[in-house]
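Visitor: So the sequence lines, in the order shown, correspond to chains A and B.
Numbered per the numbering used here, the first sequence spans residues 1 to 142.
Numbered per the numbering used here, the second sequence spans residues 1 to 476.
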Amino acid sequence: MTIRLSGVLVEEIRREGELAYPAECCGVLGGRIAGENKEVSRLVPMVNHRTDDPRRYLISPEDLLRTTADLRQSSLEVLGYYHSHPDHPAAPSEFDSAHAWPWYSYIIVRVDHGRAAELTSWVLEEDCSAMRQESLEVLSEV
Amino acid sequence: MTVTVSIPTPLRSFTAGQDSVQLAGDTVGQVLDGLLATHNGLKRHLLQEDGRLRNFVSLYLNETDIRHLASTSTPVRSGDVLTIVPSIAGGSPAVEAQPTLSHAEVLRYSRHLLLPEVGVNGQRKLKAARVLTIGAGGLGSPLTLYLAAAGVGTIGIVDFDVVDLTNLQRQIVHGTSTLGRPKLESAESRLTDVNPNVRIEKHATRLTSENALEIIEAYDIVVDGTDNFPTRYLVNDACVLLGKPNVYGSIFRFEGQASVFYAKEGPCYRCIYSEPPPPGLVPSCAEGGVLGVLPGIIGSIQALETIKWIIGAGDSLVGRLVLFDALKLRFRELQLRKDPACPICGDNPTIHELIDYEAFCGIGAEPSYAGPEITAEELRREMDEKGSNLVLIDVREPHEWDIAHIEGARLIPLGQLPERLGELDGHAEIVTQCHHGARSMKALQVLKGAGFGRVRSLAGGIDAWADRVEIGMPRY
């Protein structure tokens, strides 16, 4: 599968990462499945419930439940999540892999000294052994 | 009882793509068993090896987490919806060790901890932070007080002065009880009273080109509270060379300015002021005066920017200069741009090490205003002898005259002197007088240049007069 989203949404993720720096931002990727593609059309920033450690994020099940219901109102579903890695590469940490769910896309943006850098998307392998990078297509603005 | 179980997208491959499944049962546990019996692949995603629900799976019966109900024994009714909610977590590697907060610190900083922008993490960053303030004077006072109160772990202070009575109108970190003591000691005792958790590192020295890099290197952020141009350029250059942010503030009379100079991301002080003003053009606070509250406002802005920088909240003043006018009570903001031709942070820098800043600012190269002087004691004697034949001209400002003046003197402020020469008798014997003897020497030059032959300047000004002749006259 390929994950597709507009340049505007990519910018929004980057900006959120910068705003949250040096803590991590996190949010939900809302959209639709279209054939072999995940088409992201809405970002829902989520409250990071891990306030004890700037290098962790946690989305509470209550928030996720509410967001899932809100998205469903617009016939959208949760396609995955995004979060930032302050001063670390945009690759999943062991902690990310250990907590990842199958099928969902996990977009990671690196934020270096407060400035957003590379942005990648990852999915869990079928056998749950590791995460592999998936292709991410940035759509130009119409 | 028939219950709808809502399946999250990632697990639909185990339910043949269905987003919900209808199942019968009397309790959550029974419904769950039914689900896993029909869709065996879900098991390893929902249950641990011991058969209990995995940590990062939550089950919601309608709107409520079953952990807040009777867990898997919670009874269900027809029409209920049981939702499987994945808990989404992650993070980046390498957790840096930040100092922890004691219970007493949690209580002390509770108003910070209530702000999501600060929180426990921000407070731990403040505790880990090392901030250097240059000067424990007007700006340094509110600055260090707020940084200490905020829980900045280590505050370094560079100062070599002692507390003087004229300081107390604005330098609120000091007090009457510490008059005459070094400002470093005075500040330390006050700051550790405000917050004993804070470590004060005292640098009892003037910041110089020889010691600046070594002192500044050991800190994360530098806050410039200096009142003179050589030190300001020195602090700027040292911060650029070391890649440290420089939280700048300056004040004069009723006006102040503040910015954050950080050459990695924005302009430095030299980008804005490539050259210092000619010596003597911009009077210091000691010469020009300053409203006591003003450094309180500008120093507090510096403290604010420092704290924001440490916790990473909000928009910093990098690339912006805030101008404050106390009389109009008006803030203005100028957008600053990095100068590509800046000699230290531009594209082709020519300054690679610290220079002689006194010379750069023209100090010591000022035109000398040497001329004949008269001591306070001699003036007293000659005034008694010569009476009205000796003309004493006070060249200070009228508001200074109101503080104290010498009986028989004539007030002609220095700025008005050239156009009021006609009021003076060209043959009279003249003595010029000011506060400390500098302006009166300039006045002497003006008079000499205009052809007045017999002019002397009162050495040490009215201050020397008040000290040695007219004891009891107020000094300022």
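Quick reminder that beta carbons are idealized off the backbone N, C-alpha and C, glycines included.
In chain A, what lies closer than 9 Å to V85 of chain B by C-beta?
Guide: In the second sequence, counting from the first residue as 1, residue 85 of chain B sits at position 85. By Cβ distance, chain A contributes P61, E62, L64, L65, T68.
Visitor: Give a yes or no on whether the minimum CB-CB distance between D96 of chain A and chain B is below 8 Å.
Guide: What you label residue 96 of chain A is simply residue 96 of the first sequence in a count that begins at 1. Chain B, which has a Cβ nearer than 8 Å to the Cβ of D96 of chain A, makes this yes.
Visitor: First and last residue of the beta strand (DSSP E) that includes E137 of chain A?
Guide: Here the question's residue 137 of chain A lines up with position 137 in the first sequence. Residues 131-139.
Visitor: Return the CA-CA distance between Y219 of chain B and G296 of chain B, expressed in angstroms with no decimal places.
Guide: Counting from one through the second sequence, the residue named residue 219 of chain B turns up at place 219. Counting from one through the second sequence, the residue named residue 296 of chain B turns up at place 296. Y219 of chain B and G296 of chain B: Cα-Cα distance of roughly 24 Å.
Visitor: Taking only beta-carbon positions, decide if G460 of chain B is within less than 8 Å of chain A.
Guide: One-based indexing of the second sequence puts residue 460 of chain B at position 460. Output row for G460 of chain B: interface = no.
Visitor: Where do the N-terminal and C-terminal ends of the beta strand (DSSP E) with T154 of chain B fall, by residue?
Guide: As a working note, residue 154 of chain B is residue 154 in the second sequence. Taken as a continuous stretch (DSSP letters only), the beta strand (DSSP E) holding T154 of chain B covers 154-158.
Visitor: Identify the continuous beta strand (DSSP E) that holds H203 of chain B and give its terminal residues.
Guide: As a first step, residue 203 of chain B must be located in the second sequence, where it is residue number 203. Membership of H203 of chain B in the beta strand (DSSP E) is indicated by the continuous run 199-203.
Visitor: Chain B partners of A130 of chain A, CB-CB under 8 Å?
Guide: The residue you call residue 130 of chain A lines up with position 130 of the first sequence. In chain order: nothing, as chain B lies at least about 14 Å away.
Visitor: Note down, in chain order, all residues in the region 113-125 of chain A with a beta-carbon under 9 Å from any beta-carbon belonging to chain B.
Guide: H113, G114, R115, L124
Visitor: Report the option in B:L334, B:G256, B:P278 whose CA atom is closest to the CA atom of Q302 of chain B.
Guide: For the purposes of this step, residue 302 of chain B is taken as the residue at position 302 of the second sequence. It is B:G256.
Visitor: Please report the straight-line C-alpha distance between I88 of chain B and A130 of chain A, rounded to a whole angstrom.
Guide: Working through the second sequence from its first residue, we reach residue 88 of chain B at position 88. Working through the first sequence from its first residue, we reach residue 130 of chain A at position 130. Approximately 16 Å between the Cα atoms of the pair.
Visitor: If you run the structure through DSSP and keep just helix, strand and coil, what is E36 of chain A?
Guide: The sequence position of residue 36 of chain A within the first sequence is 36, counting from 1. Coil, per DSSP.
Visitor: Do we get a CB-CB distance below 8 Å when we pair T9 of chain B with the residues of chain A?
Guide: In the second sequence, residue 9 of chain B corresponds to position 9, counting from 1. Yes, T9 of chain B counts as interfacial toward chain A.
Visitor: Would you be able to state if there are at least three C-beta pairs under 8 Å between the region 85-105 of chain A and the region 118-132 of chain A?
Guide: yes
Visitor: Does the Cβ of A90 of chain A have 16 or more other Cβ atoms within 10 Å, making it buried, or fewer, making it exposed?
Guide: Counting from one through the first sequence, the residue named residue 90 of chain A turns up at place 90. Result: buried.
Visitor: Measure from the alpha carbon of H484 of chain B to the alpha carbon of each residue in B:V446, B:F452, B:S457, then state which is nearest.
Guide: Lying outside 1 to 476, the shown extent of chain B, residue 484 of chain B is not represented and no answer is given.
Visitor: Going straight from the alpha carbon of P340 of chain B to that of P398 of chain B, what length do you get?
Guide: Numbered from its first residue, the second sequence carries residue 340 of chain B at position 340. Numbered from its first residue, the second sequence carries residue 398 of chain B at position 398. Each residue's Cα considered, the two are about 46 Å apart.
Visitor: Thinking just about the alpha-carbon of each residue, which of B:N211, B:N121, B:N246, B:T83 is nearest to the one in L132 of chain B?
Guide: For the purposes of this step, residue 132 of chain B is taken as the residue at position 132 of the second sequence. Check the Cα spacing between L132 of chain B and each of B:N211, B:N121, B:N246, B:T83: the tightest is with B:N246.
Visitor: Contact defined as beta carbons within less than 8 Å: I believe S316 of chain B pairs with W309 of chain B. What is the distance between those atoms, to the nearest angstrom?
Guide: Translated into positions along the second sequence, residue 316 of chain B becomes position 316. Translated into positions along the second sequence, residue 309 of chain B becomes position 309. That belief holds up - the Cβ atoms of S316 of chain B and W309 of chain B are roughly 6 Å apart, short of 8 Å.
Visitor: Along the chain, where does the alpha helix (DSSP H) containing A69 of chain A start, and where does it finish?
Guide: Numbered from 1 along the first sequence, position 69 holds the residue referred to as residue 69 of chain A. Note, A69 of chain A: alpha helix (DSSP H), 61-73.
Visitor: Would DSSP call R170 of chain B helix, strand or coil?
Guide: As a first step, residue 170 of chain B must be located in the second sequence, where it is residue number 170. Residue state, collapsed to three classes: coil.
Visitor: Looking at the strands, I want to know which residues DSSP matches up with N246 of chain B.
Guide: The residue labelled residue 246 of chain B in the question sits at position 246 within the second sequence. Bridge partners of N246 of chain B: B:V222, B:F261.
Visitor: For R253 of chain B, name the three-state secondary structure that DSSP assigns.
Guide: On the second sequence, position 253 is the one that residue 253 of chain B refers to. In this structure, R253 of chain B counts as strand in the three-state DSSP scheme.
Visitor: Taking L119 of chain A as the reference, give the member of A:I13, A:V8, A:S75, A:R56 with the closest Cα.
Guide: For the purposes of this step, residue 119 of chain A is taken as residue 119 along the first sequence, with counting starting at 1. For the residues A:I13, A:V8, A:S75, A:R56, the minimum Cα distance to L119 of chain A belongs to A:I13.
Visitor: If we ignore side chains and look at the alpha-carbon of each, how far apart do V95 of chain B and L59 of chain B end up?
Guide: As a first step, residue 95 of chain B must be located in the second sequence, where it is residue number 95. As a first step, residue 59 of chain B must be located in the second sequence, where it is residue number 59. With a pLDDT of 45 at V95 of chain B, under the threshold of 50, the predicted position of this residue should be treated as unreliable, though the coordinate-derived value follows. Roughly 30 Å separates the two Cα atoms.
Visitor: Assuming A116 of chain A is part of the beta strand (DSSP E), what are its boundary residues?
Guide: Translated into the one-based positions of the first sequence, residue 116 of chain A becomes position 116. That run of the beta strand (DSSP E) goes 115-124.
Visitor: Output yes if chain A places a C-beta closer than 8 Å to the C-beta of D220 of chain B; else output no.
Guide: On the second sequence, position 220 is the one that residue 220 of chain B refers to. Cβ-Cβ to chain A under 8 Å: no for D220 of chain B.
Visitor: Tell me the residue span of the beta strand (DSSP E) that contains L458 of chain B.
Guide: Here the question's residue 458 of chain B lines up with position 458 in the second sequence. Element bounds for L458 of chain B: 455-458.
Visitor: To the nearest angstrom, how far is the alpha carbon of S250 of chain B from that of L139 of chain B?
Guide: Counting from one through the second sequence, the residue named residue 250 of chain B turns up at place 250. Counting from one through the second sequence, the residue named residue 139 of chain B turns up at place 139. When rounded, the distance between both Cα atoms is 8 Å.
Visitor: What do you reckon, are the CB atoms on N236 of chain B and F254 of chain B nearer than 8 Å?
Guide: Translated into positions along the second sequence, residue 236 of chain B becomes position 236. Translated into positions along the second sequence, residue 254 of chain B becomes position 254. No, the pair does not count as a contact, with Cβ atoms beyond the cut-off.
Visitor: Would you call the CB atoms of I66 of chain B and T74 of chain B closer than 8 Å?
Guide: What you label residue 66 of chain B is simply residue 66 of the second sequence in a count that begins at 1. What you label residue 74 of chain B is simply residue 74 of the second sequence in a count that begins at 1. Yes, the pair counts as a contact, with Cβ atoms nearer than the cut-off.
Visitor: Can you name the residues of chain B whose CB is closer than 9 Å to the CB of L2 of chain A?
Guide: Working through the first sequence from its first residue, we reach residue 2 of chain A at position 2. Residue 2 of chain A is actually Thr in this sequence, not Leu. Chain B residues near T2 of chain A: none, gap ~16 Å exceeds 9 Å.
Visitor: Is the region 14-34 of chain A touching the region 68-80 of chain A, taking contact as three or more C-beta pairs under 8 Å?
Guide: yes
Visitor: At the 8 Å Cβ level, is S93 of chain A part of the contact set with chain B, yes or no?
Guide: Along the first sequence, read from residue 1 onward, the residue named residue 93 of chain A stands at position 93. So yes, S93 of chain A belongs to the interface.
Visitor: Is it a yes or a no for the region 38-46 of chain B touching the region 8-25 of chain B, going by three-plus beta-carbon pairs under 8 Å?
Guide: yes
Visitor: Could you please give me the residues that DSSP links to T2 of chain B through a beta bridge?
Guide: Counted from its first residue, the second sequence places residue 2 of chain B at position 2. For T2 of chain B, which the question treats as bridged, DSSP gives the partners B:A24.
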